[in-house]
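Engineer: Note that our numbering has the sequence shown beginning at -5, numbered continuously upward. Ideal Cβ placement from N, Cα and C applies to all residues, glycine included. The structure follows.
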Amino acid sequence: MSSVISQPLSLVFNKFEQHWQSSAYPKVEYDEQWLSPCIIGEPEQQEVSWKPVLREDKGDFSGIERALEITLHPSIKAFYGEYFSETLAVDFQNNRIELVQAWNEQDFEMLLENIIGHVLMQRRLKQKETVFIASTEDEMQVVSIDNDSGEVVLEQLGKGIDRVLAKTLEEFVAKFELCD
């Protein structure tokens, strides 16, 4: 799993962290009931700085795979299972997208539940099975990974795949620029 995406994702996160070190780390509202290993330092004015953090234990997808009776594409597991992070705004080909990530283990479990719901809806609509990885400015579109091919696609919610954005997740993340 690691070779599929963790190296390119690590390179992207490292590039962003170098930028943040020379300017400022992103901030998020502090909630003492919603802690994360991503938090840097102490809260200031109800906000904390944060950065993506490599998980000590990779995310476990066995339950979702049993529930859906599928094997998730390795790039999906690597994208969601390697890091904890807040949602991260990036520029992809002059389009702002927000990468969906898990802030902590509880958030990861809720993400898995959302993925199950997404796949079940696709089955009901007889669409190709995809797993969302980012939101777009259009609330009816998401960036997803085609579970069969591993292609990164733009998906119209309720209607299915609109077009292929990249052949692989590695190719997709290589085109990211940090949004301000």
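My understanding is that Val113 touches Leu62, with C-beta atoms under 8 Å, so please give their C-beta distance in whole angstroms.
Structural biologist: Indeed, because the Cβ distance is near 6 Å, the residues count as touching under 8 Å.
Engineer: Please state the DSSP three-state secondary structure of Ala168.
Structural biologist: Looking at Ala168 - three-state DSSP - the assignment turns out to be coil, as it is neither helix nor strand.
Engineer: Hey, Ser69 and Thr130: beta-carbon distance below 9 Å or not?
Structural biologist: Going by C-beta atoms, Ser69 is not nearer than 9 Å to Thr130.
Engineer: Express the C-alpha separation of Arg49 and Thr81 in angstroms, rounding to a whole number.
Structural biologist: So the alpha carbons of these two residues sit roughly 16 Å apart.
Engineer: Less than 9 Å between the beta carbons of Glu243 and Glu41, yes or no?
Structural biologist: The structure shown does not extend to residue 243, since the chain spans only -5 to 174, so no value can be given for it.
Engineer: Look at the alpha carbon of Tyr19 and the alpha carbon of Arg90, and state the distance between them as a whole number of angstroms.
Structural biologist: In a straight line, the C-alpha of Tyr19 is about 19 Å away from that of Arg90.
Engineer: Which residues does DSSP pair with Asp85 in a beta bridge?
Structural biologist: Its beta-bridge partners are Arg90 and Glu171.
Engineer: Would you mind working out which of Leu66, Asp54 and Ala96 sits nearest Thr124, comparing C-alpha positions?
Structural biologist: It is Leu66.
Engineer: Within its chain, find whatever has a CB closer than 6 Å to the CB of Glu171; leave out the 5 residues flanking it on each side and keep chain order.
Structural biologist: So the qualifying residues of the chain are Asp85.
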